Amino acid sequence: MSDCIFCQIALGKVPSEIAYEDDEIIAFKDIQPLAPVHLVIIPKIHLRSLNDVTSDNEGLIGHLFGIIRRLAEEFGVAESGYRVVTNTGTDGGQVIGHLHFHLLGGKALNANIG
Ligand code: 5GP
Ligand code: ZN
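If you read the sequence shown in our numbering, its first letter stands for residue 257, the second for the next number, and so on.
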């Protein structure tokens, strides 16, 4: 989708600090980091949110979580701990309408997630 910033990042048309990339997934540093480690991990296909995920995407989502786990290791937060968040819809605080997962770590995160 040409008007979707994350599709543009996935296509390499908008620059980002890429942490990982393969045919299905790209992970990049958040432009406004909320923690010392703040990566955004997305499927390259345009799914609007978790609400768009179906059983057809099970392999993709499983793969994506495997990569998140690997990135937590690579960025040195696997042992200290981290949080994975996907904001969904208006009440969930989703701003960008392309399914994405935040990987946050490198400090003690606010315990209040609600
Ligand atoms: P949301 O609130 O939708 O869950 O989070 C969207 C995230 O994307 C925000 O943390 C925001 O800082 C990040 N973001 C928005 N636009 C860009 C961009 O152009 N490049 C990068 N690297 N991150 C972005
Ligand atoms: Zn998109």
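Virtual Cβ for every residue (Gly too), placed ideally from N, Cα, C. Predicted model, so just to flag it, every value in this text is computed and none were measured.
Only buried fits P299, as 16 or more other CB atoms lie within 10 angstroms of its CB. Taken from the Cβ of F284, every heavy atom of the ligand ZN lies 6 angstroms or farther away. For F321, the secondary structure class from DSSP, reduced to helix, strand or coil, is helix. Between A275 and L290, the C-beta spacing is not below 7 angstroms.
Shortest gap from the CB of H354 to any heavy atom of the ligand ZN: under 6 angstroms. Within the same chain, and ignoring the five residues on either side of H356 in sequence, the residues whose Cβ sits closer than 6 angstroms to its Cβ are V296, I298.
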